[in-house]
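Here's the structure, in structure tokens; my notes come after.
2 protein chains.
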Amino acid sequence: MAEDKWSSATAVLRLATELIDGIQEGVNEEGFDDVRSIHGFAFARLSESPTTTVQLARHLGITKQGTSEMVTHLIERGYLTRSPDPTDGRASLLVLTDRGHACTGAARRAAAATVAVWEQRIPVDRRQDLHEMLDAVSIAGRLRPTW
Amino acid sequence: MAEDKWSSATAVLRLATELIDGIQEGVNEEGFDDVRSIHGFAFARLSESPTTTVQLARHLGITKQGTSEMVTHLIERGYLTRSPDPTDGRASLLVLTDRGHACTGAARRAAAATVAVWEQRIPVDRRQDLHEMLDAVSIAGRLRPTW
DNA sequence: TCGAATAGACATGCTGCTTGACTATATGGT
DNA sequence: ACCATATAGTCAAGCAGCATGTCTATTCGA
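Protein sequence lines, in the order shown, are assigned to chains S and P.
Going by my numbering, the first residue of the first sequence is number 2, and it counts up by one from there.
Going by my numbering, the first residue of the second sequence is number 2, and it counts up by one from there.
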């Protein structure tokens, strides 16, 4: 049924909206008022493994020049540091500072709080289903829409 | 479990990314190459009911000036027309043209195609569940994240 | 060892949005 | 009927976040 599909599509967009807004709000409330959602996507990647600017650019879907500018901004604000890449003299690895980790933690807590709100909307015995369903239908890939 | 919630959160973001990208691609393929996703969010609202610029601004989460500029652009490209608001001499109602409706239709078809891809990832007997679950957890509100 | 590829910075420009100021119309109180 | 205030929309200017183009330093493959 076409209407079902459209309804599911808009539902996903509304959930994403609620989530992004919830994370932004939660992060602001913990005192990180100089970060945007794209920084969160960068942090999520950097918290997995140290990454070069070019790798980060590909992950975010913007140019390396734009990424470089953003990285400079985040370093000035104390969220990141550069450390030389031992295997490549041209590159430097971007590493989260304590502040960067703290901000990432705030974002994760806010995200969890938003998901908890979603859980409240369905019966207790379907909440495990929700997680399994979302895990099953989503695949690895970019986290950030190219707006 | 906190990890479950984070996993669900990222799943939703990945789905939204896949959906936005799928819609953009599908719309482009049908020849609408001068529209961005924010225009789609505007079309979705206008296809429900004629709307003024200020109402549309609130819905999109941007200023009325920004909206006004966008509306002018869309009128020049033939997606919208202005018609006077019979109940308010200051306002005009924005109405989708045939081209605007055609573009909206293309977006809906592309969205449905993406959701169909999601369905392929889970067993046939769980697909109805997917729609019901998404409908149940999402609530009315803005469609567009404030990025 | 030398040519091509890659990481990253610097300069420049543009687009999409903001803030601020303004006009025209509407609305509510007196 | 009148005026104060609010609202719809436009015009002008500015800015942030990207893109494009060019450059250097380093790496890698033949």
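Beta carbons: idealized from backbone N, C-alpha and C, even for Gly.
Which term fits residue i, buried or exposed, when burial requires 16 or more other beta carbons within 10 angstroms of its beta carbon?
{"i": "Ser50(S)", "result": "exposed"}
{"i": "Pro124(S)", "result": "exposed"}
{"i": "Ser38(S)", "result": "buried"}
{"i": "Ala141(P)", "result": "exposed"}
{"i": "Arg128(P)", "result": "buried"}
{"i": "Glu120(P)", "result": "buried"}
{"i": "Thr52(P)", "result": "buried"}
{"i": "Pro87(S)", "result": "exposed"}
{"i": "Gly90(P)", "result": "exposed"}
{"i": "Thr73(S)", "result": "exposed"}
{"i": "Gly41(P)", "result": "buried"}
{"i": "Thr105(S)", "result": "buried"}
{"i": "Arg122(S)", "result": "exposed"}
What did DSSP end up calling residue i once you bin it into helix, strand or coil?
{"i": "Thr149(P)", "result": "Summary: the structure shown does not reach residue 149(P), with chain P confined to residues 2 through 148, and so no result is reported for it."}
{"i": "Thr82(P)", "result": "strand"}
{"i": "Val36(S)", "result": "coil"}
{"i": "Thr1(P)", "result": "Residue 1(P) is absent from the model: chain P starts at 2 and stops at 148."}
{"i": "Leu144(P)", "result": "coil"}
{"i": "Ser93(S)", "result": "strand"}
{"i": "Thr98(S)", "result": "coil"}
{"i": "Thr52(P)", "result": "strand"}
{"i": "Ile21(P)", "result": "helix"}
{"i": "Thr105(S)", "result": "helix"}
{"i": "Ile76(S)", "result": "helix"}
{"i": "Glu133(P)", "result": "helix"}
{"i": "Ser9(P)", "result": "helix"}
{"i": "Arg46(P)", "result": "helix"}
{"i": "Ser139(S)", "result": "coil"}
{"i": "Glu31(S)", "result": "coil"}
{"i": "Arg127(S)", "result": "helix"}
{"i": "Arg15(S)", "result": "helix"}
{"i": "Arg221(S)", "result": "Residue 221(S) lies beyond the stretch modelled for chain S, which goes from 2 to 148, so this question has no answer here."}
Would you grab the beta carbon distance between residue i and residue j for me? Rounded to a whole angstrom, and I think it's under 8 Å.
{"i": "Leu95(P)", "j": "Leu47(P)", "result": "6 Å"}
{"i": "Ser8(S)", "j": "Asp130(P)", "result": "Incorrect: roughly 14 Å between the Cβ atoms, too far for contact."}
{"i": "Ala12(S)", "j": "Ser139(P)", "result": "4 Å"}
{"i": "Ala111(S)", "j": "Val28(S)", "result": "6 Å"}
{"i": "Ala108(P)", "j": "Phe44(P)", "result": "7 Å"}
{"i": "Ala58(P)", "j": "Ala17(S)", "result": "Not a contact, Cβ separation roughly 21 Å."}
{"i": "Thr147(P)", "j": "Gly67(P)", "result": "At roughly 13 Å, the Cβ-Cβ gap does not stay under 8 Å, so Thr147(P) and Gly67(P) are not in contact."}
{"i": "Met134(S)", "j": "Met134(P)", "result": "6 Å"}
Problem set entry | the segment 7–27 of chain P touching the segment 106–117 of chain P, judged by at least three CB pairs closer than 8 Å | Contact between the segment 7–27 of chain P and the segment 106–117 of chain P is established, with three or more Cβ pairs separated by less than 8 Å.
Exercise. Is the segment 3–14 of chain S touching the segment 70–90 of chain S in the sense that three or more CB pairs, one from each, lie closer than 8 Å?
Worked result: The segment 70–90 of chain S vs the segment 3–14 of chain S: no contact.
Exercise. Is the segment 60–80 of chain S touching the segment 100–108 of chain S, taking contact as three or more C-beta pairs under 8 Å?
Worked result: Judged by Cβ distances under 8 Å, the segment 60–80 of chain S makes contact with the segment 100–108 of chain S, as three or more pairs qualify.
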